[in-house]
Amino acid sequence: MQRGGRRRLPKASITGFPERAAPFDVGRPFDIGGGRDSDASLCSSRPSSAGGRPSSAASALLTDRSSQSAALRSVNAYLSSLSAPTSLRPPLPSGREITDAFRFVLARLDWPLADLDDDLPALLRHLHCPVKLNRSALKAPGTPHAWPPLLSVLYWLVQLARVSDHRAPSTDTTATNDFLLYVARSYSLFIGGDDDAVADLDDEYLRKAQHQAANATAAVEALEKQANGLEAKLRALTSGPSRREALERERAVLVEDVKKFQAVVDTWGGKVAAMESALGDWEKELEAKEKEIRRTCEENEELQKRINAQTVNVRDAERMKRELQAVERDIAEAESGRNVLEEKAWELEAAVGRKLNELEVLSEQCNQAIRKLKLGNDFQFALNARGSSPAEVLGTNYKTILKPALSALAEDTKKASVSKLEESINLQKQSRENAKMLEEKRDRLAALQFKIDDAESRLRLLKNEMEDYASKCAAEVGKMKEEFMAKEDQLCIVEKEAEEFLKNSERKLEDAVRESDEEVQMCARELLTLIDAVSEYKEYMESTISGMKTDLSEVADSVSSLLTKLVISGYQLQPLWSEKSMLHQTKMRS
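Printed below as a string of structure tokens:
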């Protein structure tokens, strides 16, 4: 039944709307016993523009944040007062919510539109709306640039609907007037002796009463469902964990993640420092060996020049040739040892390269963790492969950038928890307000129940006429029972299929659990093999270093024995060989 007895107008076309009088004069401000400001004008310094045409469209457009919030609260209050199926979520509702709100308000104004994109701008021009609305805003209602004009138009339509509801006649008064009119006409026809007209009038009023009773029953059922839903929401809000506890748990998890990340960074920093110190020692040893080899080669060349410059006899030449061959053999052995040392140096460089690759992987993981935390300083670990110390490889800026950012993140988390606590307090206040609204709706339900009881007392007088209709309904009930039995059979089939699907799902879950256990065991075995490989590599490096030391001692012994032989021979080059032995002894001491 139409609200307030008003006639529903036909759907507007794209080209224009039918000429009819509006519920009130929309070409001037709302003056109901004097000027009136809207809810948004109470919250801001601007005057109300709902229903009137301001000096310019820009004055009615809600652009600042405070006026938009006030208008959104006013629209949501109007929708909730009418138990609308939709509401607008601040700060930016979705496109579907905005479209549903427009359709609800237009239906309330008896202007139902099938196509908002084409018909709503024409309707607003017909109603002299002060805000101009483009079709692009209606095609993308959920975007930020289209939200201010849409909110302004929706707020203007809500004010229009409120004034229209205020001027519409009351439903109870209309029902009372209809009953009095029915009684007066019935008695007048009864006094006039027109029994057929009285019977027709009774039948017509009976149909109207049945229709009103059905509407009242449907309204009561809807209110009961809404009350049950509100009670369920209230129980869920009171029984479930509070928002503060959930945020505290989330904050604890974030703090633990930050601590773990800091521990990982410190651990790998120590490992990098140890590896760099070991690499520096190996490089120093390699440089010392290379210097010693170059010095030995230079001494050999100098001795060769001196020998070539001296005059010797045949025996001395042969002896020197044999000694030179011995020295060449020693040099060849020294070169072979140098080659071995170079190969070991290459292996060490390869090991250092692998460690640098591992450090790069770890630094990438750390950078990913930093990006997930969203610290806001764009800090990233960048390794310097040419660095000779942990500070040069990792850099020193992480101490001045990363640690303050982590502490700032902890402070932001604390502030967020405090703000969430305030939100929970506001939600509790809203729940109390909802409880008050629920009590008011219960009172309304009681009043409606009283009216329903009155209507039932009137309907008892009409039971005799309804028995024939009940027999027809019984036949329909039989048909409905048959349909219900068929649907029940279908439901049994669906339940069986659901049980089979549940069994299959449980079997798949068991298979997945078993596969995950096997993967965990395989990972554990791989970890053990990796630990064994690391220990074997450590033993191999220790044995390699000990072998290098023994080779070095053997080379030193061979050089000292060679010098001793040269001293014992006692030929003219004794001062030179004594000088060489002194140099070798000095090297051995060093």
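Taking my numbering, I'd label the letters of the sequence shown as residues 333 to 922.
Beta carbons: idealized from backbone N, C-alpha and C, even for Gly.
Counted within 10 angstroms of its Cβ, other Cβ atoms place residue i as buried (16 or more) or exposed
i: ILE364; result: Model confidence at ILE364 stands at a pLDDT of 32, short of 50, so the residue's coordinates are unreliable and nothing is read from them.
i: CYS855; result: exposed
i: PHE522; result: exposed
i: ARG494; result: buried
i: CYS698; result: buried
i: ARG776; result: exposed
i: ARG440; result: buried
i: LEU512; result: exposed
i: GLN491; result: buried
i: TYR872; result: exposed
i: ILE757; result: exposed
i: ASP821; result: exposed
i: ILE863; result: exposed
i: LEU759; result: exposed
i: VAL809; result: exposed
i: PHE782; result: exposed
i: VAL646; result: exposed
i: ILE430; result: buried
i: ILE702; result: buried
i: SER867; result: exposed
i: SER484; result: buried
i: SER399; result: buried
i: SER893; result: exposed
i: SER413; result: exposed
i: SER878; result: exposed
i: LEU404; result: buried
i: LEU834; result: exposed
i: SER789; result: exposed
i: LEU691; result: buried
i: VAL597; result: buried
Host alpha helix (DSSP H) of residue i (start-end)
i: ALA409; result: 397-413
i: SER426; result: It is not in any alpha helix (DSSP H) - SER426 carries neither H nor E in the DSSP assignment.
i: TRP678; result: 646-705
i: CYS629; result: 575-641
i: ALA550; result: 527-571
i: HIS498; result: 479-499
i: PRO453; result: 448-458
i: LYS464; result: Looking at the DSSP string, LYS464 is not in any alpha helix (DSSP H), and its letter there is neither H nor E.
Sequence-distant residues of its chain with Cβ nearer than 7 Å to residue i (five each side left out)
i: PRO481; result: LEU393, VAL463, LEU465, ALA469
i: LEU794; result: LEU538
i: ARG839; result: none
i: ALA354; result: In this prediction, ALA354 scores a pLDDT of 44, lower than 50, which makes its location untrustworthy; the coordinate-derived value is nonetheless stated afterwards. Within the same chain, ALA354 has close Cβ partners LEU459.
i: ASP589; result: none
i: GLU580; result: SER749
i: LYS768; result: none
i: LEU611; result: VAL684
Chain-order list of residues whose beta-carbon lies under 6 Å from that of residue i (same chain, five-residue window excluded)
i: ALA416; result: PHE436
i: GLY474; result: SER426, GLY427
i: ALA545; result: ALA787
i: GLY366; result: Model confidence at GLY366 stands at a pLDDT of 37, short of 50, so the residue's coordinates are unreliable and nothing is read from them.
i: LEU780; result: VAL552
For residue j and residue i, believed in contact at Cβ under 8 Å, the rounded distance
i: SER419; j: ASN408; result: 5 Å
i: THR745; j: ARG567; result: Wrong, their Cβ atoms sit about 31 Å apart, outside the cutoff.
i: LEU445; j: LEU456; result: Wrong, their Cβ atoms sit about 11 Å apart, outside the cutoff.
i: PRO422; j: SER406; result: The Cβ separation is near 12 Å, so there is no contact.
i: TYR514; j: LEU486; result: Wrong, their Cβ atoms sit about 41 Å apart, outside the cutoff.
i: LEU452; j: ALA433; result: Their Cβ separation, rounded to whole angstroms, is 12 Å, which puts LEU452 and ALA433 out of contact at 8 Å.
i: LYS704; j: MET607; result: Rounded, the Cβ-Cβ distance is 27 Å, inconsistent with contact.
i: ILE625; j: ARG670; result: 5 Å
i: LEU569; j: SER763; result: 5 Å
i: TRP614; j: LEU680; result: 5 Å
i: GLU755; j: ARG575; result: 7 Å
Beta carbon proximity, residue i to chain B, threshold 8 Å
i: LEU455; result: The structure shown contains no chain B; it is built from a single protein chain.
Own chain, CB closer than 8 Å to residue i, minus 5 neighbours either side, in chain order
i: ALA559; result: LEU770, LYS773, ARG774, LEU777
i: SER668; result: none
i: ARG467; result: ASP449, ASP450, PRO453
i: LEU424; result: GLY474, PRO476, TRP479
Length at least 3, wholly inside the stretch 835-885: the beta strand (DSSP E) runs in chain order: none
Residue ranges of each alpha helix (DSSP H) within the stretch 748-805, 4 or longer: none
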